[in-house]
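To start, the structure under review is shown below, and the notes come after it.
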Amino acid sequence: MIVFSFLCQTLKGSFKRKIELFRTEEDNFLRKNKMSPKSKKLFNIIMLGVAFMFMFTAFQTCGNVAQTVITNLNNTNFHGSGYTSMAIIYGVFSASNLISPSVVAVVGPQLSMFVSGLFYSIYIAVFIQPFTWSFYTASVFIGIAAAVIWTAQGNCLTINSDENTIGRNSGIFWALLQSSLFFGNLYIYFAWRGKTHISESDRRTVFIALTVLSLVGTFLFFLIRKPEESNTLEEEVSSTDESIVDNSSVQSKATRAVDAFKRSIKLYFTKEILLLSVTTAYTGLELTFFSGVYGTCIGAVNRFGTEEKSLIGLSGIFIGIGEILGGGFFGLVNKDNRFGRNPVVMLGIVIHFVAFYLIFYNIPNDAPIASFEGTDNSAYMNPSKELAIFCSFLLGLGDSCFNTQLLSILGFLYSEDSAPAFAVFKFVQSICAAVAFFYSNYLLLQWQLLIMAVVGFFGTISFFTVEWEAAAFVARGSDYRSI
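Heads up: the sequence shown begins at 1 in full-length UniProt numbering, then just goes up one per residue.
Okay, here's the thing in structure tokens:
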């Protein structure tokens, strides 16, 4: 993490003049078009979502097909596992969240997201010519980058929102982010249609394209501007990003980093965060399932015929459609807070329970751990391609219910100190995702579904408890600082 912070600082000096020139031109454009502060914040949210859409079109498509690609490698010297790689990523991700607020405090959210995006691109590029050592090394670095980028994203989302717009902005961001599932997987569907084996040429073509997309999204972060009267993590502790570079000493930066770390640790042990951690844990488990396990299950079912590999892409598309519809709709619903967030979360858990039952009924139990040859077994019915894809849609729709409301409630409860709150959120989510990717190597499908159902039930109850007390918490202030 120290190396990551140093790299951020080095790049900050290198790009400073170019960024300032670009910002001057952009300021002139905004002044000519008379963009109001509210419009500027909305523009920032849209650009944040678009940048993440490009990056995660690459990364989520990569995660969705990684295990399938690896099992089709002709190189016998490669002994990596997609599940193990994702377990490493989320394990490092969870640990790095302890100090990611300190990195964001020192270098700022914009540059934090840019440097993190470069590491995402490197990880994806590894698949062009994979080696076991580079594959797992890149997994470690992207785990660190993920902690930093998501902490910076939460900070950026919050400083461009207020209590009246946080729900809407969370929905807009989530819909744009999850559009990534649609575009990348649409390409996979048509490129791999009718194929039962993924050739070296197929693999290289896909991952070169994904690497370019990731880099495009990375450079789009420079279009995000600091909003007027913003409460960035730097301003909460000291002054603006420019004054940090020009006037702060190394000692003051270290002090600010330590202060951010202390606030994160204090926040971990508050009642609200402990309760929300159960809900967040569930999102980590189901994230693993729909982003890595379920696509592998579909690709392993031989009864789907020659379309089994292209169905992985189609599954990702329908997960994305569910995410986009959910994010867009619930973002609009959040404009009217009369009913609160609980009905949306209740809808999410009901949708997921229906999906889990249908998957249990349709997909063979040994599908997650099937060999290269796949499985010829069936569950309680002949496997249905249409039902499998419908379940993909339900998984995406239910996930959007939980994540939009978690983003909304965190931004509402911790509007004055958002970076530590989002770091805690990602810490819990990522460590549970890491655990889930680890046991996905060994557990049959029925046990994975049972674990998610139990944790999801208790996560819903804990979310209800926090939502009922949210207004009172904000009224009395974020008193965790005095713990």
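Backbone N, C-alpha and C define an ideal beta-carbon position, used for all residues, glycine too.
Predicted model, so just to flag it, every value in this text is computed and none were measured.
- The DSSP-derived three-state label of Thr270 is coil.
- With 16 or more other CB atoms across the displayed protein chains lying within 10 angstroms of its CB, Met47 is buried.
- Taking Ile319 as the centre and dropping the five residues before and after it, the same chain places the C-beta of Leu181, Phe290, Ser392, Leu395 and Gly396 closer than 6 Å to its C-beta, in chain order.
- By the CB criterion at 8 Å, Leu213 and Thr57 fall inside the cutoff.
- A straight-line Cα-Cα distance of about 10 Å links Arg203 and Pro130.
- Between the beta-carbon of Gly82 and that of Gly292 there is about 7 Å, and that keeps the pair under the 8 Å contact cut.
- The DSSP assignment places 418-439 as complete runs of the alpha helix (DSSP H) inside the region 409-471, in order along the chain (cut-off: 4 residues).
- For Ser100, same chain residues with a beta-carbon under 7 Å away, outside a window of 5 residues either side, are Ala147, Val148, Thr151 and Ala423 in chain order.
- In its chain, beyond the 5 residues on either side, Gly456 and Thr460 have a beta carbon closer than 6 Å to the beta carbon of Ile349.
- Secondary structure note for Gly348: its alpha helix (DSSP H) is the uninterrupted segment Asn342 to Asn362.
- Bounds of the alpha helix (DSSP H) holding Pro109 are Pro109 to Val126.
- In this chain, the alpha helix (DSSP H) harbouring Thr84 covers Gly82 to Ser96.
- Rounded to whole angstroms, the gap between the alpha carbons of Leu274 and Phe127 is 38 Å.
- Rounded to whole angstroms, the Cβ separation of Leu445 and Ile363 is 6 Å, and the two are in contact under 8 Å.
- For Leu73, no alpha helix (DSSP H) run applies, since DSSP gives it neither H nor E.
- In this model, Ile351 and Gly398 are separated by some 6 Å (Cα to Cα).
- Under the three-state reduction of DSSP output, Thr57 falls in the helix class.
- For Asn342, the CB contacts under 6 Å within the same chain, skipping 5 residues up- and downstream, are Phe464 and Glu467 in chain order.
- If you look at Leu220, you'll find it in the alpha helix (DSSP H) that goes Glu200 to Leu220.
- Here Leu177 has Gly49, Phe52, Met53 and Phe56 as same chain residues with Cβ atoms under 7 Å from its own Cβ, once five neighbours each way along the sequence are excluded.
- Taking the CA atoms as reference points, Ile208 sits about 7 Å from Ala125.
- Beta-bridge partners assigned by DSSP to Thr375: Val301.
- Secondary structure note for Asn155: its alpha helix (DSSP H) is the uninterrupted segment Thr132 to Ile159.
- Leu311 and Asn441 have their C-alpha atoms some 21 Å from each other.
- Cβ contact annotation for Phe353 (same chain, cutoff 7 Å, sequence separation greater than five): Ala453, in chain order.
- Here Trp174 really is in contact with Gly327; their C-beta atoms are around 4 Å apart, less than 8 Å.
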